[in-house]
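Counting from -3, one number per residue, gives the positions in the sequence shown under my numbering.
Don't be surprised by glycine CBs; every beta carbon is placed ideally from N, CA and C.
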Amino acid sequence: MLTKIGIKQVYQRLLCLMATLVGLMTVGTVNAQESIEPVHTQRGAVCITKVNNQLLMIREYITGKLSLPGGNIEAGELPGQAAQREMWEETGLVIDVVKQIGQTPTAYVFDCVSQSNVIALDTNNALGGKNLPIWGAPDFGIETLSGMLIDPKRVNARDYRYPEQWALMKNMFKHATDQPMRSVPDLIAIAPSFQQHELHFLVGFQHMLQSLPDWGVKLIGGAISLGNMLANPILALILFPLFIYFFGTRVMLKLLFTVAFVSLVCLLLQRGIALPRPYVYLPTLDPIMEAGYSMPCVVTAILTSCFFILWQEREHITSHQWMPALGIAIVWQIVAQFLSGDVFISDCLAGAILGMTITWNVYQLESRATVDFNEQLLSYKIWLALLVLSAMLTYLWSTPGFREWLAILAAVVVALGFGRPFDHKKTFFRALGSMGALVCCHLVFKLLLHHFSYSTTLSLWLSFLHYSTITLMVFLLTFRRISLHDIGFQIALLTKRKPSLP
């Protein structure tokens, strides 16, 4: 019969094994668009598609850089076949490979022509290119953010994923086969009927802005930008120590668990419903965030869930100014994201209903549970179950949203599995100091991500470490400490060495 210590050791071994699998799954589930290092034994395949004397390019989700459609050549696949497959996955276009027009240290480069008309929007985007409707592509929202036709002369080498290869690519572009382009003013007519009214409102809002003086446009633009800051997940993590100071550890753990589950459900529904954001239909919109599909809105679902939780826990919260502040934040976020073209109002309504429904059911389960739900939240076991769910979803759809929650939940499991609670006086200045440390950590990772943007693998690892490190720091700076001896004890168990007792 297992003793309590034996059971704990079994759980901790499973925890270490799960952490290893999570790390491998994070990188293994995303195919690189182009070869990462100059490996000569297995090259990639890249498409140069010339349309109306403009180059077809995509913006990558992982690195944020401009790139050409392409990726690794799979086993048993010819380079030309790889180029056709990658073009379809990243842009939704079916192409014919005309000829190979060159190669780089990382890939073969092919002259590719679309089998159908290439449709582009009339109005130029911020880079001077014409957006393409690619939201039907299999990898939209996973590997690609957007597609465009752009004059290569307008593209700065620093904006291209491989800056040192950009001059070579521009030279190859001159030898590609040109094909005609079909341009349209907008795509409102093909939007769902219930969203067409919202798109027409946005058109009227843009016309209204044009009639305002410069100071009025800047004022409204600043208010929209501030409202969109509420959609930044890193901001929420940085503010977490402050929330713990005002609301307490127990409330914040319940909030984090509920928000994580709400987010995973929203992200799953977005992949199933697959409705694009307003800026896809209206080229005149300049979105602050380009991020795949939008229904239901994850940010609105999270804020609504937070409002419901804090309202339920109002008896345990000393400060009650949160109710009007959070209500204003929810409305501000909805209006700001809608006016910037990031989401529809209908997306936000769907997110609010979903967030409220899931949070209400969490409280119903808590009231009927035979065990103390708050005590369970201090154990890593319930978080481990949520981590497994996140890992499964990341394996199936490796979107940035799923990967970010995978990193956050992995850090929570490590903090609660290896950490020990410690008592300290919660002060406002301690919370501010913790936030300062989190900001510094965030800036360091931003610099690293920018420096290593040429590599998909490094970008994925750095993004995973970005979210997991900040989450782990939140726990270490607020209410948990990790014993190095405990970690060494578990490593010794895994390597079958006799650990030294304290």
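What residue range is occupied by the uninterrupted alpha helix (DSSP H) comprising residue i?
i	result
Ala133	Counting along the chain, Ala133 falls outside any alpha helix (DSSP H), and DSSP gives it neither H nor E.
Tyr241	Pro229 to Phe243
Gly60	Here Gly60 belongs to no alpha helix (DSSP H), and DSSP marks it neither H nor E.
Ser110	First-last for Ser110: Ala103 to Ser110, but that is the beta strand (DSSP E), not the alpha helix (DSSP H).
Ile186	Here Ile186 belongs to no alpha helix (DSSP H), and DSSP marks it neither H nor E.
Ile69	That residue, Ile69, is in no alpha helix (DSSP H); it is neither H nor E in DSSP.
Val470	Thr452 to Thr474
Ala78	Pro75 to Thr87
Lys214	Asp210 to Asn224
Closer than 8 angstroms by C-beta to residue i: which residues in its own chain qualify, once you throw out the five before and the five after it? Chain order, please.
i	result
Cys302	Leu251, Val255 and Leu322
Lys95	Phe106 and Asp107
Met248	Phe236, Phe239 and Ile240
Ser112	Leu89 and Val90
List the endpoints of the continuous beta strand (DSSP E) containing residue i.
i	result
Asp505	Absent from the model: residue 505. The displayed extent of the chain is -3 to 498, so no value can be given.
Met168	First-last for Met168: Trp162 to Phe169, but that is the alpha helix (DSSP H), not the beta strand (DSSP E).
Ser179	Met177 to Val180
Leu141	Thr140 to Ile146
Ala41	Gly40 to Ile44
Ala153	Per DSSP, Ala153 belongs to no beta strand (DSSP E) and is neither H nor E.
Leu117	Val114 to Leu117
Return the chain-ordered list of same chain residues with a C-beta closer than 7 angstroms to the C-beta of residue i, the five sequence neighbours on each side being excluded.
i	result
Ala232	none
Cys262	Pro292, Val294, Ala297, Gly347 and Leu350
Leu335	Phe201 and Ile220
Phe424	Tyr241
Glu362	Phe369
Asn120	Lys126
Ile234	Met431, Leu434, Val435 and His438
Ile138	Tyr57, Trp393, Ser394 and Thr395
For residue i, does the count of other Cβ atoms within 10 angstroms reach 16, so buried, or fall short, so exposed?
i	result
Glu400	buried
Ile269	exposed
His462	buried
Val90	exposed
Gly124	exposed
Gly46	With the sequence shown as reference, residue 46 is identified as Lys, and Gly is not the correct amino acid for it. Buried: at least 16 other Cβ atoms inside 10 Å.
Cys436	exposed
Asn127	buried
Pro279	buried
Trp131	buried
Ile146	buried
Arg310	exposed
Arg364	exposed
Glu194	buried
Phe340	buried
Pro181	exposed
Phe197	exposed
Pro134	exposed
Val204	Per the sequence shown, residue 204 should be read as Met rather than Val. Looking at its Cβ environment, which holds fewer than 16 other Cβ atoms inside 10 Å, Met204 is exposed.
Leu402	buried
Val26	For Val26, the predicted model reports a pLDDT of 38, less than 50, meaning its position is unreliable; a value from the coordinates is still stated below. Classification for Val26: buried.
Leu428	exposed
Asn224	buried
Lys214	exposed
Leu20	Low confidence applies to Leu20: its pLDDT is 42, below 50, so where it sits in the model is not reliable enough to give any reading.
Gln206	exposed
In chain order, what residues of the same chain have a beta carbon less than 6 angstroms from the beta carbon of residue i, not counting five sequence neighbours either side?
i	result
Phe441	His462
Gln175	Val47 and Val109
Thr474	Pro237 and Ile240
Ala153	Pro159 and Trp162
Met83	Cys43, Pro65, Leu89 and Ile91
Val409	Tyr376, Trp379, Leu380 and Leu383
Thr37	With a pLDDT of 42 at Thr37, under the threshold of 50, the modelled position of this residue cannot be trusted, and the question is left open.
Met352	Thr300 and Phe304
Between residue i and residue j, which are expected to be in contact by the criterion C-beta below 8 angstroms, what is the C-beta distance as a whole number of angstroms?
i	j	result
Leu271	Pro188	7 angstroms
Arg178	Val114	7 angstroms
Glu86	Pro65	5 angstroms
Arg39	Ala103	5 angstroms
Ile404	Ser464	7 angstroms
Arg273	Ser290	4 angstroms
Tyr359	Gln308	6 angstroms
Ile54	Ser63	6 angstroms
Gln329	Leu226	4 angstroms
Phe169	Ser342	Rounded, the Cβ-Cβ distance is 41 angstroms, inconsistent with contact.
Arg157	Thr300	Not confirmed; about 38 angstroms, so no contact.
Leu265	Leu389	12 angstroms between Cβ atoms; not a contact.
Taking 7 angstroms as the cut-off, is the beta-carbon of residue i closer than that to any non-hydrogen atom of the ligand PLP?
i	result
Leu412	Of the ligands one can find in the structure shown there are none, so the ligand PLP has no counterpart to examine.
In chain order, which beta strand (DSSP E) runs of at least 3 residues are fully inside the segment 356 to 432? 415 to 417
Give, in chain order, every unbroken run of the alpha helix (DSSP H) that is at least 4 residues long and sits entirely within the segment 266 to 296. 274 to 277
Please specify which runs of the alpha helix (DSSP H), each continuous and at least 4 residues long, are wholly inside the segment 331 to 355, giving them in chain order. none
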